[in-house]
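For the sequence shown, position 14 (counting from the first letter as 1) is numbered 58 according to my numbering, and the numbering increases by one without interruption.
Worksheet: one structure, shown below.
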Amino acid sequence: MGKCKLRSVKSIQAQSVQDRKAEADRLIKQGNQLFQVSRYREALQALEQSLQIYRGIKDLKCEGNSLNDLGNVYNSIGQYQKAIDFFQQSLAIYKQVGDRNGEGNSLGNLGDSYNYLGQYQKAIDFFQQALEINKQVGDAMVKEIRSII
45 MGKCKLRSVK SIQAQSVQDR KAEADRLIKQ GNQLFQVSRY REALQALEQS
95 LQIYRGIKDL KCEGNSLNDL GNVYNSIGQY QKAIDFFQQS LAIYKQVGDR
145 NGEGNSLGNL GDSYNYLGQY QKAIDFFQQA LEINKQVGDA MVKEIRSII
């Protein structure tokens, strides 16, 4: 294959990935809007579609976001174990990509799920981990803001 043709193919592939990411971004936004108005079934559909696209284009951070959002919906409809499964997956991804805010969020959500299940010690453990990360992230943000001012 010639160099020009190879560049053209790569350009088309890159555009396709951008288009798919834009569609996934639209779906995750739509899913969260539906969640906010308690249209849970529709929210799940949109979020599951976004998850599949993010996985297909190998966008780990956004995959973690979709997983976390799915967990929030399942928490809201009382399917706590399913929510826990999604939160654990999102936590693993956030750790992998080094997203401390995401880790703290997932840990707090795991705490919520275990609290709803009446497993209070597990809930406390997750809340404490979330609090520690949020303190670290918050301290880093305060230092960064001070350095700017």
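Virtual Cβ for every residue (Gly too), placed ideally from N, Cα, C.
Beta carbon of residue i nearer than 7 angstroms to that of residue j
i	j	result
V141	L175	no
Y124	L161	yes
S157	N119	yes
R70	I101	no
G146	I177	no
L114	L78	no
Three-way DSSP call (helix, strand, coil) for residue i in this model
i	result
K102	coil
E176	helix
Length of the line joining the Cα atoms of residue i and residue j
i	j	result
L111	A167	20 angstroms
C106	Y164	30 angstroms
I72	I97	10 angstroms
6 angstroms Cβ shell around residue i - same chain, five flanking residues per side excluded
i	result
F170	L151, L154 and G155
G108	S134, I137, Y138 and G146
Cβ neighbours of residue i in the same chain (closer than 7 angstroms, five flanking residues each side left out)
i	result
S60	none
Sequence-distant residues of the same chain with beta carbon closer than 8 angstroms to residue i, five excluded per side
i	result
S55	The predicted position of S55 is uncertain, since its pLDDT is 47 and thus under 50; no value can be drawn from it.
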